[in-house]
Every structure is written in structure tokens, then in C-alpha cells.
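Number 28 in the working numbering belongs to position 45 of the sequence shown; there are no gaps in the numbering.
For glycine and all other residues, C-beta sits at the position ideal for the given N, C-alpha and C.
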Amino acid sequence: VVKRWTGQTIARAFEMWAENVVELARQRRVVQAVVQRMLHGRLFGALEQWRAVCREESRAQAVTSKVLKRWVGMLMLSAFERWRENVWELTRQKAVLGKVVNRITHLGMAMAIDVWRSNVEEVLHAKQVV
-16 VVKRWTGQTI
-6 ARAFEMWAEN
4 VVELARQRRV
14 VQAVVQRMLH
24 GRLFGALEQW
34 RAVCREESRA
44 QAVTSKVLKR
54 WVGMLMLSAF
64 ERWRENVWEL
74 TRQKAVLGKV
84 VNRITHLGMA
94 MAIDVWRSNV
104 EEVLHAKQVV
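Given below as C-alpha cells:
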């Protein structure tokens, strides 16, 4: 009876041990799965954060590029306007200078005609006196 009882106790103890081993293995797998999910969750979160930063960086570059293009365009337009105004001013000054040259030229001709007329009058007056 004692041997049988001892054998049954040992057998029951072995079965409990075997069940505990199986349960501990199951718990270990569950814990590993939870840890893997946590790690993957952190990795996924980190990856998503990195992607968000990349998207923001790309957007910021696009905005900066657009602003720079607009700024350069405004500078070019301003430079063109100044060039156009300078061309207009130079054209105006050239026209004024042409008028001045014409007046000086005509003044010289008018003075020459006056001298000629004066000489003709003197000659005619001299012929009348004689």
C-alpha cells in the first residue's frame, strides 16, 4: 500500500511538474509575444514618427522653394522695372539733347543769315549813297 501510495504520489507529482512545465512554456510564449508586440509597437511608432518628420521636412523644403522662387521673381521684376525706367529716361534725355543740338545749330545758322543780311544791307546802302 505504501509503495503504491508512494508511486501514485510520485506519479502525481511528476504529472503536476509536467503540467507546470507546459504552463510555464505557454506563459513564456505569451510573455515573449507581448514583448515582441511592445517592441514592434515602439519600432512602428518610431518609424511613423520618422516618416512624419520626413514629410514635414519635404513640405518645408517645398514651401521654402516656392517662397524663394517668388522672391527671386520679385527681384527680377524690380530689376526689370528699374532697367525700363532707365531706358525711358535715357531716351527722354537723348530727345532733349537732340532739341538742344538743333537749337544750337539753328542759332548758328540764324546768326550766319543775320550777318549775311547785315552785309547785304550795308552793300545796298553803300550803293545808294554813291
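Quick check: what's the CA-CA separation for residue i versus residue j?
i, j, result
"threonine 74", "serine 61", "20 Å"
"serine 48", "alanine 35", "20 Å"
"lysine 152", "tryptophan 71", "The structure shown does not extend to residue 152, since the chain is modelled only from -16 to 113, so the question has no answer here."
"valine 83", "valine 103", "30 Å"
"valine 112", "valine 106", "10 Å"
"glutamate 6", "glutamate 31", "37 Å"
"methionine 41", "tryptophan 0", "Here the sequence assigns serine to residue 41, which means methionine is not the residue at that position. Distance between the alpha carbons of serine 41 and tryptophan 0: 60 Å."
"arginine -5", "asparagine 3", "12 Å"
"threonine -8", "arginine 12", "30 Å"
"valine 46", "glutamate 64", "27 Å"
"isoleucine 96", "histidine 108", "18 Å"
"alanine 43", "valine 50", "10 Å"
"threonine 88", "methionine 57", "46 Å"
key: Complete runs of the beta strand (DSSP E) confined to the segment -12 to 60 [at least 3 residues]   = none
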